[in-house]
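Novice: All letters in the sequence shown, in the order written, are residues 4 to 265 by my numbering. All C-beta atoms in this analysis are idealised placements derived from N, C-alpha and C, irrespective of residue type, glycine included. Here it is, the structure, as structure tokens.
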Amino acid sequence: MGVVNVTPDSFSDGGRHLAADDAVAHGRLLAAEGAQVLDVGGESTRPGAQPVDVSEELERVLPVVERLASAGGSPEVSIDTTKAAVARAALAAGATIVNDVSALRFDRELAGVVADSNATCCLMHMLGEPRTMQADPRYEDVVSDVKAFLEERLGFAVAAGVREERIWLDPGIGFGKTLEHNLALLDRLDEIVAIGRPVVIGTSRKSFLGKITGRAENERLPGTIATNVIALERGASVFRVHDVAPVREALAVAAATVAAHG
Ligand code: HH2
Numbered sequence: 004m005g006v007v008n009v010t011p012d013s014f015s016d017g018g019r020h021l022a023a024d025d026a027v028a029h030g031r032l033l034a035a036e037g038a039q040v041l042d043v044g045g046e047s048t049r050p051g052a053q054p055v056d057v058s059e060e061l062e063r064v065l066p067v068v069e070r071l072a073s074a075g076g077s078p079e080v081s082i083d084t085t086k087a088a089v090a091r092a093a094l095a096a097g098a099t100i101v102n103d104v105s106a107l108r109f110d111r112e113l114a115g116v117v118a119d120s121n122a123t124c125c126l127m128h129m130l131g132e133p134r135t136m137q138a139d140p141r142y143e144d145v146v147s148d149v150k151a152f153l154e155e156r157l158g159f160a161v162a163a164g165v166r167e168e169r170i171w172l173d174p175g176i177g178f179g180k181t182l183e184h185n186l187a188l189l190d191r192l193d194e195i196v197a198i199g200r201p202v203v204i205g206t207s208r209k210s211f212l213g214k215i216t217g218r219a220e221n222e223r224l225p226g227t228i229a230t231n232v233i234a235l236e237r238g239a240s241v242f243r244v245h246d247v248a249p250v251r252e253a254l255a256v257a258a259a260t261v262a263a264h265g
């Protein structure tokens with residue numbers, strides 16, 4: 004899964020068009036590198052990020068989803084949103100996956116939108132909300148707590164009419180977690196995989212990698228590769244990354260090695 008962010012610095016028309024053109028070009032590049040999913044997002048979920056309103060988010064992502072989905076379903080387009088209105092419009096424009104970092108908690112209409120569309124839905128764990136999630140996160144046992152949360156959200160989604168075979172789960176690396184929490188979730192990812200749904204993992208360029216290596220955000224590819232290889236070995240199925248080509252190559256070697264051991 005390749006990351007396609009659409010977050011224009013300028014709010015003028017020119018800025019918006021340029022941002023959309025850039026995002027589409029970037030999505031096509033990631034597709035050429037072998038991405039099977041393009042995850043289009045118009046609202047940053049970084050720690051401390053401020054929310055974006057629906058009309059602004061729609062204007063950012065919709066033209067990009069339309070153009071990337073016009074490739075005919077390969078790669079699939081995923082919409083990274085917590086909002087029902089954005090998901091509904093993106094699905095109508097050709098997206099087939101809804102990636103909701105709130106796991107259907109922030110917008111009570113989103114579960115119905117997903118159920119009606121037959122889309123795939125990624126449910127991610129986050130402690131609280133982006134504005135406050137990194138303020139002293141605490142767990143009894145992070146892996147058991149995240150697992151219980153994901154099981155509860157899976158039950159909620161199924162009760163709302165989403166088909167279980169359409170649901171992916173994600174422990175939400177960096178979303179209300181310390182370095183130790185992130186490392187425990189990666190090392191014990193098999194416990195999340197044991198729930199029985201495909202597991203998505205998003206470590207790409209995240210700050211916990213910088214805490215270990217001292218590297219800036221654009222220098223975290225080695226750490227990104229290391230953590231994705233570990234996630235693959237522990238049973239993850241979907242790898243959300245900015246650098247598709249090098250991670251794919253590393254995962255191909257890792258997968259061949261794991262398979263060779265039976
Ligand atoms: N991480 C980010 C956004 N969306 N979705 C899933 N399922 N899993 C993740 O780990 C995940 C996600 C991080 O977003 P942000 O920090 O805004 O930056 P970027 O989108 O460039 O990764």
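Quick check: what's the CA-CA separation for Lys86 versus His264?
Specialist: Here residue 86 is taken as the residue at index 83 of the sequence shown, counted from 1. Here residue 264 is taken as the residue at index 261 of the sequence shown, counted from 1. Going by the C-alpha atoms only, they are around 43 Å apart.
Novice: If you draw a straight line from the C-alpha of Glu252 to the C-alpha of His184, how long is it?
Specialist: Working through the sequence shown from its first residue, we reach residue 252 at position 249. Working through the sequence shown from its first residue, we reach residue 184 at position 181. Computed Cα separation, rounded: 27 Å.
Novice: In the DSSP assignment, the beta strand (DSSP E) including Ser81 goes from what residue to what residue?
Specialist: For the purposes of this step, residue 81 is taken as the residue at position 78 of the sequence shown. Run containing Ser81: Glu79 to Asp83, per the beta strand (DSSP E) assignment.
Novice: So the alpha helix (DSSP H) Gly115 belongs to, where does it begin and stop?
Specialist: Taking the sequence shown and counting its residues from 1, one reaches residue 115 at position 112. Note, Gly115: alpha helix (DSSP H), Leu113 to Ser120.
Novice: Is Leu188 buried or exposed, if buried means 16 or more other CB atoms sit within 10 Å of its CB?
Specialist: By 1-based counting over the sequence shown, the position of residue 188 is 185. Buried, by the Cβ-count rule.
Novice: Check whether the segment 227-240 and the segment 98-116 touch, using three or more Cβ-Cβ pairs below 8 Å as the test.
Specialist: These segments do not touch.
Novice: Could you tell me which uninterrupted alpha helix (DSSP H) segments, each at least 4 residues in length, are contained entirely in the segment 26-92, listed from first to last along the chain?
Specialist: Listed in chain order, they are 57-72.
Novice: Going by CA-CA distance only, name the one from Ala52, Gly30, Pro78 and Glu46 that's closest to Ala90.
Specialist: Residue numbering aside, residue 90 sits at position 87 when the sequence shown is read from its first letter. For Ala90, the nearest C-alpha among the options comes from Glu46.
Novice: Specify whether the segment 90-103 and the segment 72-80 touch according to this definition: at least 3 beta carbon pairs, one from each stretch, less than 8 Å apart.
Specialist: Yes: the two stretches touch, three or more of their Cβ pairs being nearer than 8 Å.
Novice: Distance check for Ala257 and Glu36, CA to CA, integer angstroms please.
Specialist: Residue 36 sits at position 33 when you count from the first residue of the sequence shown. Residue 257 sits at position 254 when you count from the first residue of the sequence shown. So the alpha carbons of these two residues sit roughly 18 Å apart.
Novice: Restricting to Cα atoms, I'd like to know which of Arg156, Gly179, Pro66 and Ser120 is closest to Lys209.
Specialist: Taking the sequence shown and counting its residues from 1, one reaches residue 209 at position 206. Cα-wise, what sits closest to Lys209 is Gly179.
Novice: Would Ala151 be called buried (16 or more neighbouring beta carbons within 10 Å of its own) or exposed?
Specialist: In the sequence shown, the residue the question calls residue 151 occupies position 148. Burial call: exposed.
Novice: Under 8 Å: does the beta carbon of Met127 sit that close to some heavy atom of ligand 1?
Specialist: Numbered from 1 along the sequence shown, position 124 holds the residue referred to as residue 127. Yes, since a heavy atom of ligand 1 falls inside the 8 Å radius drawn around the Cβ of Met127.
Novice: What is the rounded straight-line gap between the Cα of Met129 and the Cα of Glu220?
Specialist: Within the sequence shown, residue 129 is the residue found at index 126, counting from 1. Within the sequence shown, residue 220 is the residue found at index 217, counting from 1. Rounded to whole angstroms, Met129 to Glu220 spans 21 Å at the Cα level.
Novice: Could you check where the alpha helix (DSSP H) with Asp148 kicks off and where it finishes?
Specialist: Numbered from 1 along the sequence shown, position 145 holds the residue referred to as residue 148. Note, Asp148: alpha helix (DSSP H), Val145 to Ala162.
Novice: Distance, Cα to Cα, Val116 vs Leu61?
Specialist: Numbered from 1 along the sequence shown, position 113 holds the residue referred to as residue 116. Numbered from 1 along the sequence shown, position 58 holds the residue referred to as residue 61. Looking at the two C-alpha atoms, the distance is approximately 16 Å.
Novice: So what's Phe109 in DSSP terms, helix, strand or just coil?
Specialist: On the sequence shown, position 106 is the one that residue 109 refers to. Three-state DSSP puts Phe109 in coil, outside helix and strand.
Novice: Between the beta-carbon of Met127 and the beta-carbon of Asp148, is there less than 9 Å?
Specialist: Along the sequence shown, one-based indexing puts residue 127 at 124. Along the sequence shown, one-based indexing puts residue 148 at 145. It is not a contact, given that the beta carbons lie outside the stated cut-off.
Novice: Can you check DSSP and say which residues form a bridge with Asp103?
Specialist: For the purposes of this step, residue 103 is taken as residue 100 along the sequence shown, with counting starting at 1. Answer is Leu126.
Novice: Would Ala34 be called buried (16 or more neighbouring beta carbons within 10 Å of its own) or exposed?
Specialist: On the sequence shown, position 31 is the one that residue 34 refers to. Buried is the call here.
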